[in-house]
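In my numbering, the protein residues as written are 179 to 332.
Following this line, the structure appears as structure tokens:
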């Protein structure tokens with residue numbers, strides 16, 4: 179399956195990429211819409227592993243990482259679903275079964291440590307929510323209710 183790739187702008191100082199347009203994906207009865215302005219740091223691949231896998235910003239892993247990171251922030255799905263979607267997107271983006279399984283296994287193990295948003299994550303979501311709050315498709319982003327309340331000052 180050929181996957182539509184996101185439009186991204188690099189931010190070298192922050193070592194991340196920003197989405198320059200909303201990105202919509204429908205998969206397994208789940209519709210994910212990542213809002214414009216969302217920033218993410220590519221795939222969380224340790225530097226020693228780059229020799230035999232991918233760098234964090236390799237095109238084959240950017241889209242799966244974008245969707246996975248957004249789902250970990252907004253908790254639109256449960257963790258297992260987010261991780262399984264990551265695997266499916268890796269495969270659909272040309273990553274071998276062996277490598278996709280290794281990366282899926284890594285997020286299964288490491289994801290437990292980052293699933294719950296900390297205050298820095300919440301602040302990022304509040305800032306992003308304020309940027310996109312008046313967009314006609316705002317509800318499609320599935321921001322958590324507490325983030326919407328904080329962003330709107332309720």
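Glycine included, C-beta positions come from ideal geometry on N, C-alpha and C.
If you run the structure through DSSP and keep just helix, strand and coil, what is residue 252? helix
Which one or two residues does DSSP pair with residue 188 in a beta bridge? 195
According to DSSP, what are the bridge partners of residue 204? 209
Tell me which same chain residues have a C-beta within less than 7 Å of the C-beta of residue 248, skipping the five on either side of it? Close CB contacts of residue 248 within its chain, under the 7 Å cut and outside five residues either way in sequence, are with 210, 212 and 216 (chain order).
Taking DSSP's pairing of strands, which residues face residue 313 in a bridge? DSSP lists no partner for residue 313.
Is the CB-CB distance between residue 265 and residue 303 below 8 Å? no
Would the region 267-274 and the region 312-328 be scored as touching if the rule is three or more Cβ pairs under 8 Å? No, because fewer than three Cβ pairs between the region 267-274 and the region 312-328 fall closer than 8 Å, the two stretches do not touch.
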